[in-house]
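So the sequence shown is residues 62 to 425, counted in this note's numbering. Below: one structure, written as structure tokens.
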Amino acid sequence: MNQQNSSIAEKTILLGLTEEEMCAFALTLGMPKFVGKQLHNWIYQHRVVSFSEMKNISEANRRKLDEVAIVGLHAPEVSQRSKDGTVKYLYRTLRGNYVETVYIPTSERATLCVSCQVGCKMNCQFCMTGRQTWNESLTTADILNQIFALPEYDNLSNLVFMGQGEPFDNTDHILKSLHILTDPKEMAWSPKRITVSTVGILPGLQRFLNESRCHLAISLHNPFPDERKDIMPIEKAYSITQVISLLHQYDFCLKTPHSEEATKQRRLSFEYIMFRDQNDSLQHANAIVELVKGLDCRVNLIRFHEIPDSPFHGTDLTKMEHFRDYLTHHGVFTTIRASRGEDILAACGMLSTKEQQRQAGANQ
Ligand code: SF4
């Protein structure tokens, strides 16, 4: 930890606190409770980065706040812009590591892909982040900073927690972030604007299903447990059949272009990266049909972004379309997800890996 980070560590970080917590903090400093409400408003609504900008807080109180706290919002340090408008940002965490966040605008929506860890312990064989040494789980402040310090914040319509790391290996901070984003007394975003993706860590998944109403995406990638465990070691600890059994205990809502039903319930999707000759046969398609039987869900087929020195290759589009049609004809609503930002290495983990390596080189 460098000198700047160690001085930050001694101060209270306000980003990531609820309004109630900020009020309690103000009281501990001998300030009126309403200062907590003002802090909350300045940080989450106006997204200011320093106390000096908080003009309705007295100068004496701002000086006191400066001594003991930091706001916690800080802009991304590096960005890469794709020709299709996708932007990949690198944010520095409060402990000094780098994490990636990807902004994906389309004509209908603007989605932010948020990370929850630096590196990842899950070791999925096809993933660049899985190859990084696990460094840290992000704090609520680090998670929310990716959203509230985003230059395009005002355009945002959707959030997906599909960036680096496994959300339910960092459940407390993910759930607190979701609470601040969606609670009517906090930011009051609709939970229907947010999707959390997981490989299926059962304890965290169960808490999420009980404590949040956001949408859920399960990283499936192979319906056969024996094959899945070779590419996703988590299968050995929490099998996909256990995950499916848990999901059967909850209600989901399938919204397709042909069904305009109200989406009071959360949506469930299965993410399926297609690897040539590995998981793209009709046997695999048929096993998916059997696996998701009885669940209101959709399957998203994803083109594989090639990563260096990898034995995996992407399935070609024609074969993906056959796979999609087979699933659809067997009653499973299936889409092929459009690929974005390929020219800026959108496969998660590439930019931050490069930056960590660059920094390590500079420090040697
Ligand atoms: S795919 Fe997700 S869970 Fe798996 S190693 Fe990569 S970041 Fe971790």
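No residue lacks a Cβ here, since even glycine has one placed at the ideal position from N, Cα and C.
Exposed or buried, residue i, counting other C-beta atoms within 10 Å across all chains shown (16 or more means buried)?
i: Ser-238; result: buried
i: Leu-329; result: buried
i: Thr-434; result: Residue 434 lies beyond the range of the chain shown here (62 to 425); nothing can be said about it.
i: Phe-442; result: There is simply no residue 442 to check, as the chain begins at 62 and stops at 425 in what is shown.
i: Ala-323; result: The pLDDT assigned to Ala-323 is 46, lower than 50, so where the model puts this residue is not dependable; a value taken from the coordinates is nonetheless given after this. Exposed is the call here.
i: Asp-341; result: buried
i: Arg-337; result: exposed
i: Gln-339; result: buried
i: Thr-243; result: buried
i: Gly-180; result: buried
i: Asp-215; result: exposed
i: Ala-407; result: Caution is warranted here: a pLDDT of 49 is assigned to Ala-407, below 50, making its placement in the model unreliable, and the coordinate value is therefore given only provisionally. Its Cβ being crowded by 16 or more others within 10 Å, Ala-407 is buried.
i: Asp-230; result: buried
i: Ser-119; result: exposed
i: Ser-198; result: buried
i: Thr-259; result: buried
i: Arg-153; result: buried
i: Ser-111; result: exposed
i: Lys-149; result: buried
i: Thr-379; result: exposed
i: His-390; result: exposed
i: Glu-296; result: buried
i: Arg-228; result: In the sequence as presented, Arg is not what sits at residue 228; that position holds Pro. When all chains shown are included, Pro-228 counts as buried.
i: Ala-210; result: buried
i: Ile-117; result: Checking the displayed sequence, the identity of residue 117 turns out to be Asn instead of Ile. Exposed, since its Cβ has fewer than 16 Cβ neighbours within 10 Å.
i: Ala-278; result: buried
i: Gln-106; result: exposed
i: Met-62; result: Residue confidence for Met-62 is low, a pLDDT of 48 falling below 50, so the modelled location carries little weight and cannot support an answer.
i: Thr-194; result: exposed
i: Gly-91; result: exposed
i: Thr-162; result: buried
i: Gly-226; result: buried
i: Gly-191; result: buried
i: Ile-124; result: Reading the sequence as shown, one finds Arg at residue 124 and not Ile. Answer is exposed; the Cβ neighbour count stays below 16.
Looking at the secondary structure, which residues open and close the beta strand (DSSP E) in which residue i lies?
i: Thr-256; result: 255 to 259
i: Phe-269; result: Taken as a continuous stretch (DSSP letters only), Phe-269 belongs to no beta strand (DSSP E), being part of the alpha helix (DSSP H) at 263 to 272.
i: Arg-337; result: No beta strand (DSSP E) contains Arg-337, which DSSP labels as neither H nor E.
i: Ala-278; result: 276 to 280
i: Val-139; result: 139 to 142
i: Arg-153; result: 148 to 153
Rounded to the nearest angstrom, how far is the Cβ of residue i from that of residue j, given a contact under 8 angstroms?
i: Leu-388; j: Asp-357; result: So it is not a contact: roughly 15 angstroms between Cβ atoms.
i: Ala-87; j: Leu-100; result: 7 angstroms
i: Ile-334; j: Ile-368; result: Wrong, their Cβ atoms sit about 12 angstroms apart, outside the cutoff.
i: Asp-145; j: Arg-401; result: 6 angstroms
i: Val-350; j: Val-393; result: 6 angstroms
i: Val-257; j: Ile-235; result: 7 angstroms
i: Glu-332; j: Leu-281; result: 6 angstroms
i: Arg-327; j: Arg-274; result: 6 angstroms
i: Pro-166; j: Leu-151; result: At roughly 19 angstroms, the Cβ-Cβ gap does not stay under 8 angstroms, so Pro-166 and Leu-151 are not in contact.
i: Pro-284; j: Leu-352; result: 5 angstroms
i: Tyr-299; j: Ile-255; result: Contact flag wrong, Cβ pair sits at about 23 angstroms.
Would you mind reading off the limits of the alpha helix (DSSP H) that contains residue i?
i: Val-304; result: 301 to 308
i: Leu-126; result: 120 to 129
i: Lys-116; result: Segment: none, Lys-116 is in no alpha helix (DSSP H) and carries neither H nor E.
i: Glu-296; result: 295 to 298
i: Pro-286; result: 286 to 292
Is residue i close to chain B? Criterion is C-beta to C-beta, closer than 8 angstroms.
i: Gln-207; result: Of the protein chains in this structure there is only one, and it is not chain B.
Runs of alpha helix (DSSP H) wholly within the segment 158 to 208 (minimum 4 residues, chain order): Within the segment 158 to 208, the complete alpha helix (DSSP H) runs of at least 4 residues are 189 to 192.
The segment 118 to 138 touching the segment 73 to 86, judged by at least three CB pairs closer than 8 angstroms: yes
contact_flag[the segment 169 to 185, the segment 205 to 224] where n(CB pairs < 8 angstroms) is 3 or more: yes
Three or more C-beta pairs below 8 angstroms linking the segment 195 to 205 and the segment 297 to 317: no
Within the segment 82 to 107, ranges of the alpha helix (DSSP H) (whole runs, at least 4 residues): 95 to 101
Contact between the segment 174 to 188 and the segment 287 to 302 (3+ Cβ pairs under 8 angstroms): Enough Cβ pairs lie closer than 8 angstroms, so yes.
Length at least 3, wholly inside the segment 344 to 412: the beta strand (DSSP E) runs in chain order: 359 to 364, 394 to 398
Completely contained beta strand (DSSP E) runs for the segment 211 to 236, where each covers 3 or more residues: 219 to 222
Segment contact, 8 angstroms Cβ cut-off, at least three pairs: the segment 152 to 167 with the segment 257 to 268: No: fewer than three Cβ pairs fall under 8 angstroms.
The segment 343 to 351 contacting the segment 374 to 382, beta-carbon criterion three pairs below 8 angstroms: no
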